[in-house]
Amino acid sequence: MAQADIAAFKELQDKLKMNVAFAENVAQQLGRARVTARRAELTLEELSQMSADVPMYKQVGKAYFMAPMPEVVSELRDDIKASQDEVKRFAQQREHADKAIAEAEKELRELMKAHPEAIKQLMAMG
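Each residue of the sequence shown is one higher than the last, beginning at 13 in our numbering.
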């Protein structure tokens, strides 16, 4: 009985570690998407204060090419929309990961309460 409990405990620990790593990854991606959206919003704000005849340049790889202001503004709006969509998607993934973490923690606590002797043996093993 104790071996089965130890195996279940290790499996739940692995599940918890996997979910925590996934949540951390999603949090990083969420942060990057928010930064990208904010950067595009700030750039758009600055461009809106300029006249339409000011020369505009857009980056293509490592080069910069002259582009009409409406094209640059349109691309910035598209970038903002795409980043906002990513933020929503990553926020949903983070919520899902948080729920999975809470569930795994709950299962671990229940296992520890139900079989304290197996947990003591596991702790003794290191």
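Ideal Cβ placement from N, Cα and C applies to all residues, glycine included. Just so it is clear, the structure is predicted and the values come from calculations on it, not from any experiment.
Give the single residue among E98, Q71 and N31 whose Cα lies nearest to the Cα of R44. E98
In angstroms, rounded to a whole number, what distance separates the CA positions of A33 and K118? 18 Å
State buried or exposed for V72, treating a residue as buried only when at least 16 other CB atoms are found within 10 Å of its CB. exposed
When burial is assigned at 16 or more other CB atoms within 10 Å of the CB, is D26 buried or exposed? exposed
Given that a residue counts as buried once 16 or more other Cβ atoms are within 10 Å of its Cβ, and exposed if not, what is E23? exposed
Using the rule of at least 16 other Cβ atoms within 10 Å of the residue's Cβ for burial, across every protein chain shown, is A52 buried or exposed? buried
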